[in-house]
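In the working numbering, the protein residues as written are 58 to 227.
Structure (structure tokens):
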């Protein structure tokens, strides 16, 4: 919605993967899957926008301007499960640095320390499914979440936990 569909064109171009931006409603998702299958059958790789009623191709320019006014990309950042990603550190712009709690309170630097048994990065990158992580459903569950993918109800692990549990109970 904010960045639009144009920002994803490199996926289709550079990696030759079909891509569809779809809504969250069941019919939106179903139509999105149909659009992906049609691209695959036709051996096409492009970005299609199933969710035009909400997501403009160029995105929300006012929101993009507001974000650019407040935030800037500055330096590398370490991401849980993924390691250090170049040029992914987000900071406040000079006009907004007076609101920077980190600069004000100066907390001790923290190393991202992943339990080697956790497979958060592999789930994020599609190398495994949530239930294939040895912590899934035991050490890591919605009540005692170990990773970000279980903390948020929209996370892959939380969704897998909720909907797979419902399947088993049915």
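From the three backbone atoms N, C-alpha and C, an ideal C-beta is built for every residue, glycine too. Note that the coordinates shown come from a computational prediction; the quantities given were computed from them, not determined experimentally.
Candidates the options: which alpha carbon is nearest residue i's?
{"i": "residue 102", "options": "66, 186, 74, 197", "result": "74"}
{"i": "residue 120", "options": "58, 191, 221", "result": "58"}
{"i": "residue 144", "options": "132, 136, 150", "result": "132"}
{"i": "residue 124", "options": "111, 107, 149, 105", "result": "149"}
{"i": "residue 130", "options": "117, 151, 138, 140", "result": "151"}
{"i": "residue 97", "options": "82, 77, 139, 208", "result": "77"}
{"i": "residue 65", "options": "112, 156, 91", "result": "112"}
{"i": "residue 63", "options": "109, 184, 95", "result": "109"}
{"i": "residue 128", "options": "135, 100, 153", "result": "153"}
{"i": "residue 83", "options": "107, 210, 197", "result": "107"}
Do residue j and residue i count as a contact pair if the criterion is CB distance below 7 Å?
{"i": "residue 61", "j": "residue 114", "result": "yes"}
So residue i and residue j are supposed to be a Cβ contact under 8 Å. How far apart are they, rounded?
{"i": "residue 193", "j": "residue 187", "result": "5 Å"}
{"i": "residue 160", "j": "residue 104", "result": "With 8 Å as the limit, residue 160 and residue 104 do not qualify as a contact, their Cβ atoms being about 38 Å apart."}
So, do the stretch 199-206 and the stretch 174-190 have three or more beta carbon pairs nearer to each other than 8 Å? Yes: at least three Cβ pairs fall under 8 Å.
Enumerated in chain order, which unbroken segments of the alpha helix (DSSP H) with a length of 4 residues or greater are wholly contained in the stretch 111-161? For the stretch 111-161, the continuous alpha helix (DSSP H) assignments of 4+ residues that do not extend past its boundaries occur at 118-127, in sequence order.
Are there three or more Cβ pairs, one per stretch, closer than 8 Å when the stretch 207-217 is compared with the stretch 178-194? Contact between the stretch 207-217 and the stretch 178-194 is present, because at least three Cβ pairs lie under 8 Å.
So within the stretch 168-215, which uninterrupted alpha helix (DSSP H) runs reach at least 4 residues, ignoring any that extend past its ends? If we require 4 residues or more, the alpha helix (DSSP H) runs fully inside the stretch 168-215 come out as 177-181, 205-208.
Taking the runs of the alpha helix (DSSP H) that are 4 residues or longer, which of them lie wholly in the stretch 61-102? Entirely contained in the stretch 61-102, the alpha helix (DSSP H) runs reaching 4 residues are, in chain order, 66-72, 83-98.
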